Amino acid sequence: MNPDARFALVVLAFGSLGSAGCDLPSGTGGRAIEFEMRLGGARSPGLPPGSFETSTGWKVELGEAVVALGPIYVHENPPPLAELGAPRGKGLSGMLWDVLVPDAHAHAGDQHFDGGEVKGEWLGQLAFDVLDPGGVYIGPVPGTEGRARSLSIRLDPPRASIGGDDGALRGHHAYVVGVAQKDGLVVPFEGGLDIEDEGTKRSVDGIPLDVSLVDGAAVGIVIHPSAWFDGAHFDRLTKKNAAGRFVITPESQVRTAWFLGARSFSAFSAETSDAR
59 MNPDARFALV
69 VLAFGSLGSA
79 GCDLPSGTGG
89 RAIEFEMRLG
99 GARSPGLPPG
109 SFETSTGWKV
119 ELGEAVVALG
129 PIYVHENPPP
139 LAELGAPRGK
149 GLSGMLWDVL
159 VPDAHAHAGD
169 QHFDGGEVKG
179 EWLGQLAFDV
189 LDPGGVYIGP
199 VPGTEGRARS
209 LSIRLDPPRA
219 SIGGDDGALR
229 GHHAYVVGVA
239 QKDGLVVPFE
249 GGLDIEDEGT
259 KRSVDGIPLD
269 VSLVDGAAVG
279 IVIHPSAWFD
289 GAHFDRLTKK
299 NAAGRFVITP
309 ESQVRTAWFL
319 GARSFSAFSA
329 ETSDAR
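Heads up, the sequence shown stops at 334 in my numbering, and the numbers go up one at a time, no gaps.
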């Protein structure tokens, strides 16, 4: 077969695939429904709310932990790293996986995310107290019937219409007060987190979810404050305030760890249940 004939066959094959793809159902246009949504804070077994130990060896007790959350979007597509835990082979597919998904820890917002159709959205904003043992019921959220596989959460500065105790934020995206201990060293600390309005820094995309959205289905979003400070070194804080607490300043290592942790996939998880 001459080169021109081979090229024509390749073009024909790709054209056929494209036509077949266009004939596939889009999955959009489902029935309008309402599902339930709640926010809650994660708890470490056997410890009070806001208590945890970091990977750097610090035992942390948070006395205050508030974050501005919302809007929240529910998407049809799974996260881009949904198969991160898949076993790697030694063949071509395994080598491709190593190239496309390296071992470096990716943070939400650092990779492209195509969520596909938005299956539901809550457009409000809440100053959420992560230490509230009862969590917060957001209420019925409008959506479209069908499978949902991921979440996106905005971390915007508090707006005038924010719900909850906005004063606890002190004008920041998030605010904490706590004590960290390690090897006999006790570090009382407090401070606020502000996220730059650059690119997708204020959006945590691709949070894993798997639920069939129908009337009465429930989506619970769990915030993990332990992820905020998992890489923090509290002994590097140097400035104290009038209350005698070390301040998490914008240039500190603790702020950098908090910024990365608050935007990571490990800072959020979803709990779902089907309609009763």
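Backbone N, C-alpha and C fix where the C-beta goes; we use that ideal spot for every residue, glycine too.
Keep in mind it's a predicted model, so treat the numbers as computed, not measured.
- I130 has its alpha-carbon roughly 11 Å from the corresponding atom of S208.
- Sixteen is the threshold: since fewer than 16 other Cβ atoms of the shown chains lie within 10 Å of the Cβ of G121, the residue is exposed.
- Around the Cβ of A285, a 10 Å sphere holds 16 or more other Cβ atoms; the residue is buried.
- The stretch 289-296 makes no contact with the stretch 190-202: fewer than 3 CB pairs, one atom from each, lie closer than 8 Å.
- Contact check for G98 against R212 fails: the beta carbons are separated by 8 Å or more.
- Counting only residues of its own chain and dropping the five nearest sequence neighbours on each side, E111 has a CB closer than 6 Å to the CB of K117.
- A distance below 7 Å between beta-carbons, with the five flanking residues on each side excluded, links V269 to the following residues of its chain, in chain order: A206, A275, V277 and T330.
- The C-beta of A320 has 16 or more other C-beta atoms within 10 Å across all chains shown, which makes the residue buried.
- With contacts defined as CB atoms closer than 8 Å, I306 and G249 qualify as a contacting pair.
- With a beta-carbon spacing of about 5 Å, D273 and I91 fall inside the 8 Å limit used to define contacts.
- With a contact defined as Cβ atoms closer than 8 Å, R303 and F247 qualify at about 6 Å.
- For L213, there is no enclosing alpha helix (DSSP H), as DSSP gives it neither H nor E.
- Of all alpha-carbon atoms in V235, S219 and D263, the one lying nearest the alpha-carbon of N299 is that of V235.
- With distances taken between CA atoms, V237 lies nearest to A123 out of A123, G229, I279 and E94.
- Close CB contacts of I196 within its chain, under the 7 Å cut and outside five residues either way in sequence, are with M95, R96, L97 and W180 (chain order).
- By the CB criterion at 8 Å, P266 and A328 fall inside the cutoff.
- When DSSP states are grouped into helix, strand and coil, P107 belongs to the coil group.
- For A238, no alpha helix (DSSP H) segment is defined; the enclosing uninterrupted segment is the beta strand (DSSP E) at A232 to K240.
- Note on geometry: alpha-carbon atoms of G178 and E254 lie some 26 Å from one another.
- Of the residues N135, G193, D332 and G182, the one whose Cα lies closest to the Cα of G174 is N135.
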